[in-house]
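Quick notes on the structure that follows.
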Amino acid sequence: MSRPLLAIIGAGPAGLIAAEHLAAVADVHIFDRMAAPARKFMLAGRGGLNLTHSEPLDRLLLRYRNAAPSLREAIRAFPPEALRAWADGLGAETFVGTSGRVFPKVMKASPLLRAWLTRLGGLGVTLHTRHDWAGWAEDGALRFNTADGEKRVTARATLLALGGASWPRLGADGSWMRFFDADEVAPFQPSNMGFHVAWSDHLRNRFAGQPLKRIAATFGGQTVRGEATIADWGIEGGVIYTLSAPIRDAITATGPVEITLDLRPDLPESALPLGGGGKSLSNLLRNAGLTPPAAALVQEARHAGVTLPLPKLIKALPIRLERPAGLERAISSAGGVRWGAVGRNFMLHRHPGVFAAGEMLDWEAPTGGYLLQGCLSSGVAAAEAMRNWLEQ
Ligand SMILES: Cc1cc2nc3c(=O)[nH]c(=O)nc-3n(C[C@H](O)[C@H](O)[C@H](O)COP(=O)(O)OP(=O)(O)OC[C@H]3O[C@@H](n4cnc5c(N)ncnc54)[C@H](O)[C@@H]3O)c2cc1C
């Protein structure tokens, strides 16, 4: 008996891991509009591929905010330990960094991806690049635009793993939304992004691109330690990304918000070394251990008329965030296929036999490995549900 044909559309991490789990039971074909698979995964590896996080599962699940109940089962079934074992099995041995984040020892994505694609090839999975999914034909066949014109594929079951809408030039641009009914999808919003700030010309010209190391940022009662970077349009980087979802939601609700930066989080206010070495502000800030970009932020606040005493300014420097940066610069996106449009098995209610996984589902999480963990766990869960579907 010939094996059933399964279509997976989207060759990112969610689609690729699903293919791996389905290859034993079906003739698996992966389609992607780009010339090469997993472009975003490759980019993710450029700054150090953060595969998952080592914190306890209950804490990890909280990172998915209100999507946690929908992702819980999938993440429990393919938790961080399983992900690490899977990466190890592909020769990408992992380690836990000081922050609890998990990385492959080589830090990059390319060796892991190469081994992964070789494994998939060995399992008989076929990858079709430059196949741009264009929705369904009247008979339910999948339509693809290719260099040779339109191709139609009839599959026993389909997994959509089309990604979100950040960094659209890497393939996932969210244009698949037009094939869904309006009530099945939530509009995309940037997630893990920077925010626009009305810097003075002086700060913009002198300090754009410079890092603010070992700082803490506070918004809405949550404080995060790490780094940020001054951009000519605003501020971005780790601490900002971690707080970005509640900040974005607050700006949407009520307009620009203020966050505070602690420029010496390792010292209490009373221990700041502010004496001696001359009385100019720049000398005082240098004595207090501030780097030039951190000192420039304090000077900027003073020039803007912020009258707080210096120790307070160093420990709780107010920064007004005007609006989020756009999807094209965001690490990830919020929005996508609503949880109400899929069952617990990730199958679309309105398209029996069609499943969805990865970032195209409506969830978001901070950076820290939670994004790939969510994509890979949902890919595995959707694959298991597809196997059950085939057996029916
Ligand atoms: C700069 C950067 C750094 C990152 N670093 C990390 C990190 O360190 N750790 C982490 O956990 N996450 C990181 N991420 C996020 C992570 O890469 C994504 O969450 C993940 O790749 C999403 O996987 P996915 O399979 O759901 O979608 P994607 O990886 O986006 O794959 C979707 C695929 O679908 C294809 N596609 C879309 N539409 C169509 C169509 N109509 N027809 C055919 N094909 C289509 C696309 O070409 C793409 O190949 C980073 C992201 C960025 C941008």
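The sequence shown: position 302 = 295 (our numbering), numbered continuously. The beta carbon of each residue, even a glycine, is placed where N, CA and C say it ideally should be.
What do you reckon, is the C-beta of residue i under 7 angstroms from a heavy atom of ligand 1?
i           : result
residue 17  : no
residue 119 : no
residue 168 : yes
residue 183 : no
residue 8   : yes
residue 27  : yes
residue 360 : yes
residue 404 : There is no way to answer for residue 404, as the model of the chain reaches only from -6 to 385.
residue 92  : no
residue 110 : no
residue 340 : no
residue 226 : no
residue 352 : yes
residue 34  : yes
residue 156 : yes
residue 43  : yes
residue 159 : yes
residue 30  : yes
residue 79  : no
residue 173 : no
residue 126 : yes
residue 348 : no
residue 57  : no
residue 37  : yes
residue 363 : yes
residue 11  : no
residue 88  : no
residue 24  : yes
Between which two residues does the alpha helix (DSSP H) carrying residue i extend?
i           : result
residue 149 : Residue 149 -> no alpha helix (DSSP H), and no H or E assigned at all.
residue 213 : No alpha helix (DSSP H) holds residue 213; DSSP gives it neither H nor E.
residue 366 : 363 to 384
residue 159 : No alpha helix (DSSP H) holds residue 159; DSSP gives it neither H nor E.
residue 14  : 6 to 15
residue 195 : 194 to 200
residue 82  : 73 to 82
residue 94  : Careful: residue 94 lies outside any alpha helix (DSSP H), inside the beta strand (DSSP E) at 94 to 97.
residue 293 : 285 to 296
residue 111 : 103 to 115
residue 327 : No alpha helix (DSSP H) holds residue 327; the beta strand (DSSP E) holding it covers 325 to 330.
residue 36  : 32 to 37
residue 52  : 50 to 55
Over the uninterrupted beta strand (DSSP E) stretch that includes residue i, give me the two end residues.
i           : result
residue 253 : 250 to 255
residue 280 : Taken as a continuous stretch (DSSP letters only), residue 280 belongs to no beta strand (DSSP E), being part of the alpha helix (DSSP H) at 274 to 280.
residue 20  : 20 to 24
residue 400 : One cannot answer for residue 400 here, as it falls past the ends of the chain, which runs -6 to 385.
residue 88  : 87 to 89
residue 232 : Where residue 232 is concerned, there is no enclosing beta strand (DSSP E), although the alpha helix (DSSP H) it sits in stretches over 231 to 247.
residue 125 : 125 to 129
residue 2   : -2 to 2
residue 69  : From DSSP, residue 69 is part of no beta strand (DSSP E) but of the alpha helix (DSSP H) over 61 to 70.
residue 183 : 178 to 184
residue 310 : 310 to 314
Could you tell me the alpha carbon to alpha carbon distance between residue i and residue j, rounded to whole angstroms?
i           : j           : result
residue 166 : residue 294 : 38 angstroms
residue 109 : residue 83  : 7 angstroms
residue 72  : residue 80  : 13 angstroms
residue 308 : residue 254 : 7 angstroms
residue 6   : residue -5  : 28 angstroms
residue 322 : residue 383 : 40 angstroms
residue 136 : residue 33  : 24 angstroms
residue 291 : residue 370 : 44 angstroms
residue 385 : residue 11  : 19 angstroms
residue 364 : residue 174 : 26 angstroms
residue 278 : residue 257 : 11 angstroms
residue 106 : residue 264 : 49 angstroms
residue -1  : residue 148 : 5 angstroms
residue 304 : residue 266 : 10 angstroms
residue 262 : residue 281 : 11 angstroms
residue 56  : residue 324 : 16 angstroms
residue 53  : residue 131 : 42 angstroms
residue 120 : residue 188 : 38 angstroms
residue 216 : residue 259 : 13 angstroms
residue 233 : residue 219 : 9 angstroms
Any heavy atom of ligand 3 closer than 7 angstroms to the Cβ of residue i?
i           : result
residue 162 : For the structure depicted, ligand 3 is absent and the ligand set comprises only ligand 1.
Is there at least one Cβ from chain D nearer than 8 angstroms to residue i's Cβ?
i          : result
residue 17 : This model lacks chain D altogether; it includes just one protein chain.
Stretch pair the region 74 to 93 + the region 19 to 33: three plus CB contacts closer than 8 angstroms
The region 74 to 93 is not in contact with the region 19 to 33.
Three or more C-beta pairs under 8 angstroms: does that hold for the region 306 to 324 against the region 137 to 148?
In short, these stretches do not touch, since the Cβ pair count stays below three.
When the Cβ atoms of the region 221 to 237 are set against those of the region 184 to 201, are three or more pairs found closer than 8 angstroms?
Touching, per the Cβ criterion.
Could you tell me whether the region 330 to 345 touches the region 269 to 286, where touching means 3 or more Cβ pairs closer than 8 angstroms?
Under the Cβ criterion (8 angstroms, minimum of three pairs), the region 330 to 345 does not count as touching the region 269 to 286.
When the Cβ atoms of the region 40 to 50 are set against those of the region 346 to 365, are three or more pairs found closer than 8 angstroms?
Cβ pair count under 8 angstroms is three or more, so yes.
Pairs of beta-carbons, one from the region 372 to 381 and one from the region 348 to 357, closer than 8 angstroms: are there three or more?
With a cut-off of 8 angstroms, the region 348 to 357 and the region 372 to 381 count as touching, because enough Cβ pairs lie within range.
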